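Residue numbers (our numbering): 32 to 446.
1) What separation, rounded to the nearest whole angstrom, lies between the Cα atoms of residue 435 and residue 158?
2) Rounded to the nearest angstrom, what separates residue 288 and residue 359 at their Cα positions?
3) Residue 254 by DSSP, collapsed to three states: which one?
4) If you count every other CB in all the chains shown that lies within 10 Å of the CB of residue 182, and 16 or more means buried, which is it?
5) Going by the C-beta, is residue 440 closer than 8 Å to any heavy atom of the ligand PLP?
6) Nearest to residue 397 by alpha carbon, out of 380, 376, 370 and 438?
7) Quick check on residue 167: does DSSP put it in helix, strand or coil?
8) With 16 as the cutoff for other CB atoms within 10 Å, does residue 511 come out buried or exposed?
9) From which residue to which residue does the beta strand (DSSP E) around residue 429 run?
10) DSSP three-state call for residue 211: helix, strand or coil?
11) Any contact between the segment 231-240 and the segment 345-360? By contact I mean 3 or more CB pairs, one from each, below 8 Å.
12) Would the beta-carbon of residue 326 fall within 9 Å of that of residue 311?
13) What did DSSP end up calling residue 151 once you bin it into helix, strand or coil?
14) Quick check on DSSP: helix, strand or coil for residue 333?
15) Quick one: what's got a C-beta closer than 6 Å to residue 364's C-beta in the same chain, skipping five residues either side?
16) DSSP three-state label for residue 228, please.
17) On a CA-only basis, which of 211, 217 and 416 is nearest residue 132? Give me that one, please.
18) Ignore the nearest five residues each way along the sequence and tell me which others in residue 408's own chain have a CB closer than 6 Å to its CB.
19) Do residue 423 and residue 444 come within 9 Å of each other at the CB atom, strictly closer than that value?
20) Can you list the alpha helix (DSSP H) stretches of 4 or more residues lying completely in the segment 361-400, in chain order?
21) With DSSP as the reference, please indicate the residues paired to residue 262 in a beta bridge.
22) Tell me which same chain residues have a C-beta within less than 6 Å of the C-beta of residue 447, skipping the five on either side of it?
23) On a CA-only basis, which of 160, 209 and 219 is nearest residue 129? Give me that one, please.
24) Whole beta strand (DSSP E) runs in the segment 293-354 with 3 or more residues, listed along the chain?
25) Leaving out five residues on either side along the sequence, give the residues of the same chain with a beta carbon under 6 Å from the beta carbon of residue 83.
26) Is it buried or exposed for residue 144, if we count other Cβ within 10 angstroms and need 16 for buried?
27) Taking residue 281 as part of the beta strand (DSSP E), name the residues at either end of that continuous run.
28) Between 202, 153, 317 and 134, which has its C-alpha nearest residue 167's C-alpha?
29) Leaving out the 5 sequence neighbours to the left and right, which residues in its chain are closer than 6 Å to residue 275 when beta-carbon positions are compared?
30) Can we say the segment 369-379 touches the segment 327-336, given the rule of at least three CB pairs closer than 8 Å?
31) On the criterion of 16 or more Cβ atoms from any shown chain inside 10 Å, does residue 150 qualify as buried, or is it exposed?
32) Using the Cβ count rule (16 or more neighbours within 10 Å means buried), how would you classify residue 208?
33) What are the partner residues of residue 444, as DSSP defines its beta bridges?
34) Measure the beta-carbon distance from residue 318 to residue 368 and round it to whole angstroms, keeping in mind my assumption that it falls under 8 Å.
35) Identify the continuous beta strand (DSSP E) that holds residue 176 and give its terminal residues.
36) Do the CB positions of residue 176 and residue 229 come within less than 9 Å of each other?
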């Protein structure tokens, strides 16, 4: 019998005496001083294992993993995989080229008729600062379907555009996170556009299918590298005629409406279109634990819990340490109950709904929904949408002590 692989990370030796940690406004800090870069890393990192800037050493694997036949069969019956507490029992094939698919038309190329129902779209992004060589792992899409398709696969039925507008943000993580996010931004809108009859004919099914196919694209394109690489994502499908928003979400990026309100002193109110999907939500945690996963926070140098709850393969908290309960990609976490099925919400736009913010957690970890809406509204009221996006990024930078500690991306859609 072969023992399963157990990959462990060697903890970095502390460079100074341990100090007590306090928790304030979602950030861990050493008493009497500002949080260090390592504190922020532990608090904010989406995944702890297999990161591009991984700080903890990984021991070399010397023996192959073993997959339990019972686990695999039982997982099939349960509709999600059941993994053993140690090792990994799922295999990934070699990377393969993706099937051709007709890309969508980018917002900048749309005609006035195709933009009907939306006054303006602004996109702003900033890469994590203070990390030389870092590649921004966020990606966006703001587009509409091409129309009739001539390629095979999804477009074999010759579907036509029904006028649906697509607005998406993706936040990659892991060593190949930027590749995953890029695949998502290219393929997910295209899969939406390729739905026979148009995505607005059955929006929920269209969104579910697009996430599922995009997830398959990631596994096909990355092969074994998908093990510790993935992305969160929010995809908004807008019906410009009926003025309805259909929103699909995996992870902790968000979509928030800015609504003009007489009930708030500022005149504005935030309306959340998504909820962060975290491992310690009761329903999410139950699914993860039934799949053999463990939901615990990262263990600090002195044994204390640090940061958000994460998904691990065992109580040893070795890997993968994912801080969301749903994502695209993330092969190792998939065997632990992390799924790519989006949570879908529907919102009928009202006259008082003036704009929408879709952003990665780089924004929301620093700014609350209401705060972000008020900042954006200040400039939108003066028809300075491009300044509104810059102001949001700059506010995050100030909140983080003068530099962005995470990739931060915002799409601002004004109606």
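Built from N, CA and C at the ideal position, the CB exists for glycine as well.
These figures come from a predicted structure and were not determined experimentally.
Per the coordinate set shown:
1) Rounded to the nearest whole angstrom, the CA to CA distance from residue 435 to residue 158 is 7 Å.
2) If I take the Cα positions, the gap works out to 24 Å.
3) DSSP places residue 254 in the helix class (H, G or I) of the three-state scheme.
4) Bear in mind that the predicted position of residue 182 carries a pLDDT of just 37, short of 50, making it unreliable; the figure below should be weighed with that in mind. Classification of residue 182: exposed, given that the 10 Å Cβ count is below 16.
5) No copy of the ligand PLP occurs in the structure displayed, which carries no ligand at all.
6) Nearest option by C-alpha distance: 438.
7) DSSP places residue 167 in coil when its eight states are reduced to three.
8) Outside the modelled stretch of the chain, which goes from 32 to 446, sits residue 511, for which no answer is possible.
9) First-last for residue 429: 416-430, but that is the alpha helix (DSSP H), not the beta strand (DSSP E).
10) Residue 211 sits in a helix when the DSSP states are folded into three classes.
11) With a cut-off of 8 Å on Cβ pairs, the segment 231-240 is not in contact with the segment 345-360, counting fewer than three such pairs.
12) Yes.
13) Correct three-state label for residue 151: strand.
14) If DSSP states are grouped into helix, strand and coil, residue 333 belongs with coil.
15) Within the same chain, residue 364 has close Cβ partners 342, 351 and 353.
16) Of the three classes helix, strand and coil, the one that applies to residue 228 here is coil, per DSSP.
17) With distances taken between Cα atoms, residue 132 lies closest to 217.
18) So the qualifying residues of the chain are 289 and 299.
19) No, the pair does not count as a contact, with Cβ atoms beyond the cut-off.
20) Taking only runs of at least 4 residues, the alpha helix (DSSP H) segments lying wholly in the segment 361-400 are 362-365 and 392-395.
21) Answer is 203 and 359.
22) Nothing in the structure corresponds to residue 447, since the chain is present only between 32 and 446.
23) Of 160, 209 and 219, the smallest CA-CA separation from residue 129 is found for 219.
24) You should have 299-303, 325-330, 336-343 and 351-353.
25) With a pLDDT of only 47 at residue 83, under the threshold of 50, the placement of this residue in the model should not be trusted; the figure read from the coordinates follows. If you ignore the 5 residues before and after residue 83, its C-beta comes within less than 6 Å of the C-beta of 206, all in its own chain and listed in chain order.
26) Taking every protein chain shown into account, the CB of residue 144 has fewer than 16 other CB atoms within 10 angstroms, so this residue is exposed.
27) Unbroken beta strand (DSSP E) run through residue 281: 275-281.
28) Comparing Cα positions, the closest option is 202.
29) Setting aside the 5 residues that flank it on each side, residue 275 is surrounded in the same chain by 379, each with a C-beta closer than 6 Å to its C-beta; the list follows chain order.
30) No, they do not touch.
31) So residue 150 counts as exposed.
32) With 16 or more neighbouring CB atoms inside 10 Å of its own CB, residue 208 falls in the buried class.
33) 152 and 387, per the DSSP bridge assignment.
34) Their Cβ separation, rounded to whole angstroms, is 5 Å, which keeps residue 318 and residue 368 in contact under 8 Å.
35) Counting along the chain, residue 176 sits inside no beta strand (DSSP E), nor does DSSP assign it H or E at all.
36) Yes, they are a contact pair.
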